[in-house]
Amino acid sequence: MSHLYIWQSVPVNKSSRPILIENEYSIYVKDGVGIYQGKLKIANHQNGRVYLTNKRVIYIDTIDRNRAIAVSLKDVARAEYVERFLRSSPKVKVYLKVEDESTSVAGSSAASPQNLLASLPIDKTVDWICVICSFNNHISTKTNLDVNFPKCTSCGIPPSRNHIEQVIKNAYTQQEPAAETQTSQSNDQCPKCTFINHPSMKYCEICGTELPTIPLALSRKIQDMENLSTPNLRANNPLGLILEDKEEYTNGRPYIKISFRKGGELGFYEHIVQEIDKIKWELLESRGGIGGEATRIQKKEQVVPKVKTGGIHSLERIGQLQRKQNEIILTQSLEDLEQLMFKAQDLIKLSSSFGSLVKRRKNTPSATIPPLVISRNSSLFHQELARHISEYLLNSELTKITSMISIPDLFASYNRFRILNQGFGTELISTQELNKSLELLDKLELPIKMTTFQSGLQVVTQRSHELQDLHVKIMEHLIEEENNFKYQKYLCQFLADSDDYTRDKYKVFHGNTIAEIAEHFGWSHSVCIEEMTRCMEEQLVVFDKHILGTFFFVNQFDAKLAAKLRDEEEIRSSAEKDALEQQKSISTSLKTRFDAEQNLIAVQSHQFGALQPSVDMIDSTVQTPPSDTLGQLAGLKFT
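Going from the sequence shown to this note's numbering is simple: count from 1 and add 474.
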């Protein structure tokens, strides 16, 4: 039976690093490894790197990254270390999970379906009789007596522990009578009430007693389904992996081997054992197999060493140790609520010390790049650092074909990214480590390269980046800026949008400065100066230097370059046409608005230009009748 179906394909980015799935992070990486399936080598998978994550074991081939494969840790049962022997390299043997019934089927071809599946119902239900009320109770053989000790369903009195243990022991040791001697009893008959049940029933329909074995009719159906579906599924080799010979395993237990030809097998073995135990623990927690008081044994915390020397090196060492200690405090505090409350004071002090350092920053695509997890003492450190730098630049700094970054800017930007991505306790890379990693760009065939200008300035660009193509981009930008200036000038004239500011602004084209060109292409000031100097050496641009600064123009003394500028009359006619279109659009909008207002209902029609007759205010006043009360007061004299 083939077990090549466990291998999965892995997508790889341009920097030859695996693309991790959600909530996956790298733990260990090592080069110079080969992959075995059982006792045999997997062809074309004997020279590459192995990445151990919290979810997978990933292999990436050095020659062809499309051969990247992985196996999930959920399919792994355990790991075993194999020492070096003579010319054989040390290996880590990883055993795969298999079902017990599949191995029994493979090992015994003459067994009947009933004998093969008789051991399937491992969890059995047995009966125990209460000594107080003689009630017949049921209990599962997998019941944890320390947690859920049974009580009588009728009277509620628990039995003795020895009695329950003896009942469970008898259930395991009791042997079923042979099928030949049961001539008078049907396969579906209940052993207690003798009721003949349906073949698909596991418990008796009358008394609820568990049937001794799976019925023969049902076992045959299950066996037929397994024979049809399981071999075809598991014999499938979706990735088309090729072995040197027929697949073979020791003792019939499937496994894979990872051969370490450049060392590092002990570190890999320790990490994979920890991850397998962690996955098993999480599986037990999800199934409820761990009580509330269960705790996992953790390693003792390492004491932070004290620096007793002096000087600048001592100060740097103290700073590194302090950052490491701060990271440990944050990690331990967030493990659970109890630890968080216990370390509340430490967190308050730590947050106050970081208050002046924390700033609001915009979210960048670089936040999705997985951190670099590898020891500085590893021989693979500089190679992985070069791949990580390449991945960072392609996602942040070198997003355009014209983008480039100088080495000092890269040093500052990458270290800043490491702190934001991995925390304040992250060790920064040195200039020596950066330079050594950049020297490996061509050897690793990464999509970025290092370019040196005549002045000695070194920059990092994309590998598809060419200086001649870059000069064309600069010329196109300068030509576009000058054509746009003339267009805006004529457009303001036709729209009658002219004042002192616009007249001064569009009086003459001033060219482009270094700062404007650098901002457009995303360069630093020094890189832009180098590129413009090269353009001047090739007589592509000219410059005007005066008190306001240095301004660059297209070299119109060259007839070929001057021909690339648009004709003055063409720009003028285009601006006039666009101005008429804008005026027409404005007029149409105003007319539509006026028509909408005219559609309102008017009670009386209004004649524009006609004079309305004036109304006498005296005639328009309403004569109010005299009050009766005031009339009764007529003739009275007041003193």
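All residues carry an ideal CB built from backbone N, CA and C; glycine is no exception.
Buried versus exposed call for residue i [16 or more other C-beta atoms within 10 Å across all chains shown]
i: residue 724; result: exposed
i: residue 667; result: exposed
i: residue 607; result: exposed
i: residue 671; result: buried
i: residue 523; result: buried
i: residue 1020; result: exposed
i: residue 734; result: buried
i: residue 964; result: buried
i: residue 497; result: exposed
i: residue 541; result: buried
i: residue 633; result: buried
i: residue 1029; result: buried
i: residue 1002; result: buried
i: residue 664; result: buried
i: residue 938; result: exposed
i: residue 714; result: exposed
i: residue 861; result: buried
i: residue 674; result: exposed
i: residue 727; result: exposed
i: residue 935; result: buried
i: residue 544; result: buried
i: residue 864; result: buried
Rounded separation between residue i and residue j - CA only
i: residue 849; j: residue 482; result: 28 Å
i: residue 490; j: residue 843; result: 13 Å
i: residue 823; j: residue 900; result: 20 Å
i: residue 487; j: residue 493; result: 6 Å
i: residue 662; j: residue 549; result: 37 Å
i: residue 803; j: residue 515; result: 45 Å
i: residue 553; j: residue 680; result: 49 Å
i: residue 759; j: residue 530; result: 21 Å
i: residue 987; j: residue 868; result: 28 Å
i: residue 732; j: residue 479; result: 17 Å
i: residue 561; j: residue 905; result: 40 Å
i: residue 641; j: residue 613; result: 9 Å
i: residue 933; j: residue 534; result: 29 Å
i: residue 611; j: residue 599; result: 10 Å
i: residue 985; j: residue 1014; result: 14 Å
i: residue 1027; j: residue 989; result: 14 Å
i: residue 484; j: residue 872; result: 25 Å
i: residue 563; j: residue 998; result: 50 Å
i: residue 500; j: residue 896; result: 13 Å
i: residue 912; j: residue 885; result: 11 Å
Residue interval of the alpha helix (DSSP H) (run including residue i)
i: residue 1062; result: 1042-1072
i: residue 862; result: 855-869
i: residue 881; result: 881-896
i: residue 720; result: Neither: residue 720 is in no alpha helix (DSSP H) and is coded neither H nor E.
i: residue 918; result: 915-918
Limits of the beta strand (DSSP E) - the one that residue i falls within
i: residue 570; result: 565-570
i: residue 922; result: 922-926
For residue i: DSSP bridge partner residues
i: residue 906; result: Paired residue(s): none; residue 906 is not in a bridge.
i: residue 509; result: 732
i: residue 1169; result: It is not possible to answer for residue 1169, since the shown part of the chain is limited to 475 through 1113.
i: residue 790; result: Partner(s): none; residue 790 has no beta bridge.
i: residue 544; result: 482 and 532
i: residue 526; result: 502 and 531
i: residue 935; result: 878 and 923
i: residue 1190; result: Residue 1190 is absent from the model: the chain starts at 475 and stops at 1113.
i: residue 743; result: In the DSSP output, where bridge partners are listed per residue, residue 743 has none listed.
i: residue 552; result: 569
i: residue 986; result: 1026
i: residue 759; result: DSSP lists no partner for residue 759.
i: residue 514; result: 511
i: residue 559; result: 562
i: residue 684; result: 677
i: residue 492; result: 486
In the segment 995-1034, which residue ranges form an unbroken beta strand (DSSP E) of at least 3 residues, counting only runs that do not cross its ends? 1015-1020 and 1023-1028
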